[in-house]
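Read through the structure below, which is laid out as structure tokens, and then see the notes.
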Ligand SMILES: [Zn+2]
């Protein structure tokens with residue numbers, strides 16, 4: 111399988127296999143009209159398998175906090191004029207905005223219009239986040 | 014102009030600030046006339062998206078005793094909130110008329126939304142089952158007036174420790190002082206949540222769990238009672254077996270220290286028998302009185318007047 115190199119854009123490399131699609135959706139890459147490639151289950155020397163996303167274009171929001179939350183292994187390569195100009199690593203962010211939703215039905219975010227879903231890192235070892243409004247700890251489930 | 018201060022959670026206040034509020038409240042109690050005009054021409058908005066007569070009256074009385082005025086609504090039905098207006102918009106509007114806002118809302122975190130929008134101080138007067146910091150301030154003033162200290166105390170918390178927000182806030186507030194020891198008296202179903210225990214462990218606070226009030230009572234300096242609701246039990250048999258363990262009677266007070274104080278956030282149902290009310294150790298009505306004075310001190314502080 112052959113994917114062309116890109117001229118101006120980004121490559122998200124070392125995404126844990128299976129998480130590529132979630133990132134594609136969170137970055138709203140479906141709304142772009144430039145070339146976007148998602149490669150699933152590419153072979154990786156480090157992790158066995160990985161996903162890769164390549165975007166040849168601009169106009170998307172690069173949210174490093176979101177990427178860090180989804181997967182701390184990701185590296186972000188920025189390409190300009192066909193050359194790698196920046197390589198960034200991501201980490202668990204202190205705060206997350208509009209990436210996950212509070213599941214507490216008693217939380218103000220369940221009724222109030224137009225407010226951001228905000229979470230803060232409550233325990234770095236356990237990778238847990240709490241809603242800044244109601245303090246409920248976030249648990250992964252079908253969003 | 015300083016940054017606007019809000020009170021969302023009790024831990025928004027440092028121990029020094031709590032000390033200050035207690036000192037001012039003491040002074041108001043001793044010299045109420047010196048404070049009677051301090052809030053002249055100031056307005057407090059009481060925005061109660063859910064009714065709580067007790068808390069609203071306490072805020073209203075506090076502002077009136079400072080010579081200020083009060084406006085607002087007592088429940089969502091009498092406000093624009095029923096027309097679908099957001100918390101942010103209601104509070105922004107109120108901030109145009111009032112100098113300070115006390116709000117109560119059934120949803121958790123509503124005051125955080127409010128505080129991000131207004132330019133006047135926000136006091137959380139209860140947000141669902143989440144926080145109720147002025148209740149905790151009331152408890153703290155009561156403890157300080159009766160015990161003259163926040164450190165070196167053994168505090169028994171009795172009843173529903175799982176859902177009881179007043180208990181959680183009091184533990185958070187008291188865990189910041191030296192040599193405070195908690196005895197958590199509850200049925201297994203209603204034990205304090207693990208994250209609260211982790212918080213105490215992190216701070217090096219001593220705590221122990223116990224199922225029967227009788228076993229703990231002789232050790233206590235403070236007994237904080239809360240209501241055990243039947244609906245919280247998994248089955249009827251457990252409720253019947255355990256319910257009397259969490260009811261305070263004159264007989265159970267027998268082995269208690271002579272200077273122990275009995276507290277309760279009120280309203281009570283039957284968890285403190287009426288016969289206990291005459292005991293000099295009963296402080297729960299005194300607590301209600303303290304509630305007004307500490308709210309006066311808080312209003313003055315947040316308005317930058319004292
Ligand atoms: Zn929430």
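Residue numbers (my numbering), protein chains in the order written: chain A, 111 to 253; chain B, 14 to 319.
Using N, Cα and C, we set each Cβ at its ideal position, and we do this for glycine too.
Backbone CA spacing between residue 190 of chain A and residue 186 of chain B [nearest angstrom]: 54 Å
Which residues in chain A sit within 9 Å of residue 99 of chain B, going by Cβ to Cβ distance? 221, 222, 223, 224 and 225
Which residues in chain A sit within 9 Å of residue 317 of chain B, going by Cβ to Cβ distance? Ordered by position in chain A, no residue passes the 9 Å Cβ test against residue 317 of chain B, which lies about 26 Å from the chain.
Using three-state DSSP, classify residue 161 of chain B as helix, strand or coil. coil
Check residue 180 of chain B in the structure and name its three-state DSSP category. helix
Would a check of beta-carbon distances place residue 120 of chain B closer than 7 Å to chain E? The structure shown contains no chain E; its protein chains are A and B.
CB-CB length for residue 87 of chain B against residue 64 of chain B, believed under 8 Å: 6 Å
Residue 234 of chain B versus residue 215 of chain B: straight-line alpha-carbon distance, rounded: 24 Å
Nonlocal neighbours in the same chain, by C-beta distance under 6 Å from residue 174 of chain A, ignoring five residues either side: 200
Tell me, please, whether the CB atom of residue 186 of chain B is closer than 7 Å to any CB atom in chain A? no
Are the Cβ atoms of residue 206 of chain B and residue 22 of chain B separated by less than 7 Å? no
Starting from the beta carbon of residue 67 of chain A, find every residue of chain B whose beta carbon is closer than 7 Å, and list them in chain order. Given that chain A is displayed from residue 111 to residue 253, the structure contains no residue 67 of chain A and the question cannot be resolved.
Given a threshold of 16 other Cβ atoms within 10 Å of its Cβ, counted over all protein chains shown, does residue 109 of chain B qualify as buried or as exposed? exposed
Among all the DSSP beta bridges, which residues are the ones paired with residue 62 of chain B? None; residue 62 of chain B has no bridge partner.
Do three or more CB pairs link the stretch 157-169 of chain B to the stretch 233-252 of chain A at distances below 8 Å? no
I'd like the ranges of any alpha helix (DSSP H) spanning at least 4 consecutive residues and lying wholly in the stretch 69-119 of chain B. 100-110
Members of the stretch 124-156 of chain B near chain A, C-beta cut-off 8 Å: 125, 126, 140, 141, 142 and 143
Is residue 138 of chain B helix, strand or coil by DSSP? strand
Please report the distance separating the alpha-carbon of residue 69 of chain B from that of residue 146 of chain A. 57 Å
C-alpha distance - residue 218 of chain A paired with residue 117 of chain A, whole-angstrom precision: 45 Å
Could you name each continuous beta strand (DSSP E) segment of 3 residues or more that falls completely within the stretch 125-179 of chain A, going from the start of the chain to the end? 145-154 and 158-166
Same chain, Cβ closer than 6 Å to residue 144 of chain A, neighbours up to 5 away in sequence not counted: 166 and 167
Any beta carbon from chain B within less than 7 Å of residue 116 of chain A's own beta carbon? no
Taking the C-alpha atoms as reference points, what is the distance between residue 252 of chain A and residue 211 of chain A? Low confidence applies to residue 252 of chain A: its pLDDT is 45, below 50, so where it sits in the model is not reliable, and the reading given next is rough at best. Going from the Cα of residue 252 of chain A to the Cα of residue 211 of chain A covers about 11 Å.
When DSSP labels each residue in this structure, what does residue 273 of chain B get in the three-state scheme? coil
Using CA atoms only, rank isn't needed, just tell me which of B:308, B:248 and B:104 is closest to residue 39 of chain B. B:308
If you drop the 5 nearest sequence neighbours on each side, which residues of the same chain put their C-beta closer than 7 Å to that of residue 100 of chain B? 118, 123, 126 and 127
With residue 28 of chain B as the anchor, note down where its alpha helix (DSSP H) starts and where it stops. 28-43
Does the structure place the stretch 132-140 of chain B close enough to the stretch 291-305 of chain B that three or more beta carbon pairs sit under 8 Å? no
With a threshold of 16 other CB atoms inside 10 Å of the CB of residue 76 of chain B, please say whether the residue is buried or exposed. buried
Reducing DSSP to helix, strand and coil, say where residue 119 of chain A ends up. strand
Counting C-beta neighbours from all protein chains within 10 Å, is the total for residue 233 of chain A 16 or more, i.e. buried, or is it exposed? exposed
Return yes when at least one heavy atom of ligand 1 lies under 6 Å from the C-beta of residue 214 of chain A, else no. yes
Residue 299 of chain B versus residue 184 of chain A: straight-line alpha-carbon distance, rounded: 59 Å
Quick check: what's the CA-CA separation for residue 239 of chain B versus residue 16 of chain B? 37 Å
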